[in-house]
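Reviewing the structure listed below.
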Amino acid sequence: MTAVAETTARSAEKYRVTRSRRNVAWTGVGALVVVVVLAMFPYLVGAGTETILVQAFIILTLASMWNLLAGYAGLVSVGQQAFVGLGAYFVLILNIHSFSMFTALPVAAVGCGVAALPMWWLVSRLRSGYFAIATWVLATTVLLIIEKFPSIGGGTGMSLPHTPNLGTAVLEAYTYWIGLAVTVLALLAVYLVLRSRLGLVLTAVRDDEVAARSSGARVGLARMLVFVVAGIGCGAAGGLLAVSQLIVQPTAVFSVQWTAEMAFAVIIGGLGTIEGPILGTIVYMILQQTLASYNAWYLIILGLVAMVVAIFARRGLWGLVDEHLHVRLFPVGYWLWDPAAPGRSRGFGRGRGGRHS
Amino acid sequence: MSEGRAAGTEPILEVRDLTVHHGQLRALDHISLRVFPGEVYAIIGANGAGKSTLLRTIAGLHHPTEGSIRFDGKDVTKIRPERRAISGIAMVPEGRRLFPSLTVEENLQVGATYARKGPWTIERVYELFAWMKDRRGQQTAQLSGGEQQSVAIGRALVANPRVLLLDELSLGLAPVVVQRIYGMLPQVLATGLTVLLVEQDVSQALRVASHLQCLLEGRTTLEGKPSDVTAEQVEAAYFGLRSAPAGSPPYRGGSVGVVPPGATEGEEA
Amino acid sequence: MVWVNDIIQGILVGGLYALFACGLSLMFGVMKVVNLAHGDLAVIGGYVAVGVITVTHIPVLWSFVIVVPLMAVLGYVLQRTVIQAALDRSILTTLLVTFGLSVVIENGLLQFFSANSHSLGVDNAIITSSFSIGSQITIAYLLLLIFVVAVVVLTGLQFFLSRSRYGRLIRAVADDQEAAQLSGIDYRHVFGIAAAIAFGTVALAGIAYGMYSQFAPTTGTDTILLFAFAAVVIGGLGSLWGTLLGGVILGVSQAIGAQISGSDEFLAGYIVFLAVLVLRPQGLIARRSTS
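Protein chains in written order, with the numbering used here: chain H, 1 to 357; chain S, 1001 to 1269; chain D, 2001 to 2291.
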């Protein structure tokens, strides 16, 4: 038959589109179990482990935010440390005014989200490399401005003046739980963003920005929202940092090393996948703990591995797992079921780590 | 083998079963052609038929999924585009693609960087296009479309290629300008070049071509000499309108024939 | 009137900033690569000079002759291997890879040289002294020499790009990679040349910086990279004179900032940088032609 008749006949058949391949209720249950087990940790493990885990929470939160920015929105920011620092300083400032550091944390996160708006206004029109540098300059500028205020510690920093009157163990436990809460919320937020229309817009832009714009997608708005969410997330991590360290020093909280760490964790774990940052954080923590005594080395190795992974294994460790096992823990893509080929489906909607970016 | 081509000569350019994909889209489907020295071979077809893809693949800018390209008897399918250019395949790309921050003369000088020995020099190009010498110091952005096209052709000529690939010369130009540009073709051919061109303007192509092929959706729908095809055949091949009567044999290269879309083997579901 | 002296200092330092910046501008203009490790390369130049001088005991001024070509070769090799591999993937990958490179270099230097600052002491008495114009203005010969060298290098580079055969090829490839390929040009080789020039000039600038000031492992990112970028952005991409102007404006803003308050030196420069990014991202001197 003619090509025209053939196409008409084909479209009459039904294709099914689902959000996930298998029943992912199992993943949800699994995640819940993991969270519950983690929540029990303060009763099970010592303070040392708790501290390490809080560090992991910070990195994981940062990593999932950076992944959202770079892996899905295509915004490579080398200045997220601005929000880490701002989050820490917001907690400090609120604490100076007698707010509990625990209640200060969510407020600090929101404050960072607000701060993200004028920052976005400054950098939004810039493309990749310029955007990266601009975020870095911005972060450095924020650092220099903050250092001018002696009331919050000036250039040397300041301890939180009003720490709660609890025993060390209880304080550590509360810090741990807040850290767990921040991380869970961050991952949940990323998951919800990607599953929403915003996520769809981001994927469309990733594939073909011009086409996305011409179909009405509000690309600028989408990117701004992502930037703000990332600001909130990194701010929360910064607040957590302040809470766990009980001291805020400008060069430490505004260090570009934070960006290095979150970026490397994401790249190694898998850019453009939600599972990637989790895997990357694990790798990062392992490296950091085993090489801790050789201070600069873990960053050198991390950096080299990240470079190699970025070139040769675009989607990182998780990408390798995904390719071979076709597993996806967090269903954010779409699966197309072809009635002519039952049992086989084609997946769509992966993040920016794939071959088209 | 079509009649009219000298028996015993080898094709200077031979494409066999070329299949090219753009991502998941199949742009070319088992295209074959042979261009003999001194010919003007025209590829015609509608937008999106795959004409430019064919030329770009021959030039080396796309990798074929299947098939081969032979130039002057040697397989060049895996050779990088710049090496192909140096060995004698020069392309005038679609849209001119002049270097905007270079002057007219500098564009020609770049074209001559790895030139082979031969009759074409920058001076000779100035003779071919009389207006060019006086304006050789100008930025190319200040030139008209037709003038830019001439510079682009000149840039390819100074390399002294053996095969000149012309991709949509008429694009964006007024018909009288197009005619003038194609008017230089005899002088080019006189120096021993062979031309493979892609054109959307069918009548223009038919006027200059010694051999032609029509593409539709990446497949060959017509092949032969302009003198052997009728306007109806060209129209049918160009638009793919009519379907073949039942029982007609599938097209398999060589002689003139109309190929109905959908009749070639290996079609994907 | 004290301001005049500072402004002059700022102008002269601007020459050094422009020297830092020209390699960055070249790499971005030609291959669209934002080399986040650019500043660290200058520092490596400085450290290699320190090493070479320690081993061979040659005068400081001779270290240029050895280090600059060495770095140029390193640039070509790194470009053809690592950076090209990253470029073949995507622009995003080049950002990630150069960022990784920056972190690796800095921590590598930290590991081997400790966090202390180094400086390249210059023995020549004339160079370390200064001369005065009137009662208000004192200019160090070294700084003046650096400015002159910067202008000479930039002029030479400009000449090279606009007159020489390779300069033409670089400009052609920067304009349109594919069209250049069609003319027989291997753009990877041209990229390598551009990178070699970038690495060479930034090493030159790094050594000069080491003579004028001090460097430490983190100076590359703390100071140099952002200054180089500021000079490029303020001056505008695509024009080396623009880069010089950008460097000078940066230097002068810093000098003015230092006058307002000692610690505001860098801040002033960054604020000017941000202002230009927001108000006129294409820079003060727009490119001659559109690409």
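Cβ coordinates follow ideal geometry from the N, Cα and C atoms, glycine included. All figures in this text were calculated on a predicted structure; none of them were measured in a lab.
Would you mind giving the Cβ-Cβ distance between residue i and residue j, rounded to the nearest angstrom? I have them listed as a contact below 8 Å.
{"i": "residue 2072/D", "j": "residue 2227/D", "result": "Incorrect: roughly 22 Å between the Cβ atoms, too far for contact."}
{"i": "residue 358/H", "j": "residue 71/H", "result": "Any question about residue 358/H goes unanswered here, given that chain H covers just 1 to 357."}
{"i": "residue 178/H", "j": "residue 246/H", "result": "With 8 Å as the limit, residue 178/H and residue 246/H do not qualify as a contact, their Cβ atoms being about 13 Å apart."}
{"i": "residue 1111/S", "j": "residue 2183/D", "result": "5 Å"}
{"i": "residue 1165/S", "j": "residue 1055/S", "result": "5 Å"}
{"i": "residue 212/H", "j": "residue 219/H", "result": "6 Å"}
{"i": "residue 2168/D", "j": "residue 1106/S", "result": "6 Å"}
{"i": "residue 1094/S", "j": "residue 1017/S", "result": "With 8 Å as the limit, residue 1094/S and residue 1017/S do not qualify as a contact, their Cβ atoms being about 24 Å apart."}
{"i": "residue 2220/D", "j": "residue 2079/D", "result": "In fact, because the Cβ distance is near 18 Å, the residues do not count as touching under 8 Å."}
May I have the straight-line CA-CA distance separating residue i from residue j, to the nearest angstrom?
{"i": "residue 2100/D", "j": "residue 307/H", "result": "6 Å"}
{"i": "residue 1204/S", "j": "residue 2095/D", "result": "48 Å"}
{"i": "residue 1244/S", "j": "residue 1236/S", "result": "Caution is warranted here: a pLDDT of 47 is assigned to residue 1244/S, below 50, making its placement in the model unreliable, and the coordinate value is therefore given only provisionally. About 11 Å."}
{"i": "residue 2230/D", "j": "residue 2195/D", "result": "20 Å"}
{"i": "residue 222/H", "j": "residue 190/H", "result": "14 Å"}
{"i": "residue 2015/D", "j": "residue 2215/D", "result": "18 Å"}
{"i": "residue 1096/S", "j": "residue 1187/S", "result": "20 Å"}
{"i": "residue 2232/D", "j": "residue 1239/S", "result": "53 Å"}
{"i": "residue 1199/S", "j": "residue 202/H", "result": "38 Å"}
{"i": "residue 167/H", "j": "residue 54/H", "result": "18 Å"}
{"i": "residue 2252/D", "j": "residue 139/H", "result": "22 Å"}
{"i": "residue 2013/D", "j": "residue 292/H", "result": "40 Å"}
{"i": "residue 1248/S", "j": "residue 1221/S", "result": "Here the model assigns residue 1248/S a pLDDT of 45, short of 50, so the residue's position is not dependable, and the following value carries that caveat. So the alpha carbons of these two residues sit roughly 14 Å apart."}
{"i": "residue 276/H", "j": "residue 1061/S", "result": "35 Å"}
{"i": "residue 2041/D", "j": "residue 77/H", "result": "21 Å"}
{"i": "residue 2277/D", "j": "residue 2247/D", "result": "15 Å"}
{"i": "residue 2271/D", "j": "residue 122/H", "result": "12 Å"}
{"i": "residue 1009/S", "j": "residue 1194/S", "result": "14 Å"}
{"i": "residue 184/H", "j": "residue 1103/S", "result": "60 Å"}
{"i": "residue 2066/D", "j": "residue 2117/D", "result": "22 Å"}
{"i": "residue 2203/D", "j": "residue 2157/D", "result": "15 Å"}
{"i": "residue 84/H", "j": "residue 2175/D", "result": "40 Å"}
{"i": "residue 38/H", "j": "residue 214/H", "result": "46 Å"}
{"i": "residue 2037/D", "j": "residue 2105/D", "result": "8 Å"}
{"i": "residue 151/H", "j": "residue 2171/D", "result": "53 Å"}
{"i": "residue 1079/S", "j": "residue 113/H", "result": "53 Å"}
{"i": "residue 2129/D", "j": "residue 2141/D", "result": "6 Å"}
{"i": "residue 30/H", "j": "residue 261/H", "result": "28 Å"}
{"i": "residue 2091/D", "j": "residue 128/H", "result": "8 Å"}
{"i": "residue 2004/D", "j": "residue 2137/D", "result": "7 Å"}
{"i": "residue 2243/D", "j": "residue 2023/D", "result": "10 Å"}
{"i": "residue 91/H", "j": "residue 320/H", "result": "40 Å"}
For residue i, which three-state DSSP category applies?
{"i": "residue 97/H", "result": "coil"}
{"i": "residue 1012/S", "result": "coil"}
{"i": "residue 1045/S", "result": "strand"}
{"i": "residue 1090/S", "result": "strand"}
{"i": "residue 2018/D", "result": "helix"}
{"i": "residue 2118/D", "result": "strand"}
{"i": "residue 1115/S", "result": "coil"}
{"i": "residue 208/H", "result": "coil"}
{"i": "residue 2146/D", "result": "helix"}
{"i": "residue 2189/D", "result": "helix"}
{"i": "residue 271/H", "result": "coil"}
{"i": "residue 1062/S", "result": "coil"}
{"i": "residue 1134/S", "result": "helix"}
{"i": "residue 75/H", "result": "coil"}
{"i": "residue 247/H", "result": "strand"}
{"i": "residue 115/H", "result": "helix"}
{"i": "residue 45/H", "result": "coil"}
Under the DSSP definition of a beta bridge, which residues are partnered with residue i?
{"i": "residue 1033/S", "result": "1015/S"}
{"i": "residue 1214/S", "result": "1044/S and 1222/S"}
{"i": "residue 1139/S", "result": "1103/S"}
{"i": "residue 2201/D", "result": "The partner list for residue 2201/D (beta bridge, DSSP) is empty, contrary to what the question assumes."}
{"i": "residue 2137/D", "result": "2133/D"}
Ignoring anything shorter than 4 residues or poking outside the stretch 125 to 183 of chain H, list the alpha helix (DSSP H) runs there in chain order.
128 to 146
Of all the alpha helix (DSSP H) runs that stay within the bounds of the stretch 2037 to 2094 of chain D, which reach a length of 4 or more residues?
2038 to 2056, 2063 to 2078 and 2084 to 2089
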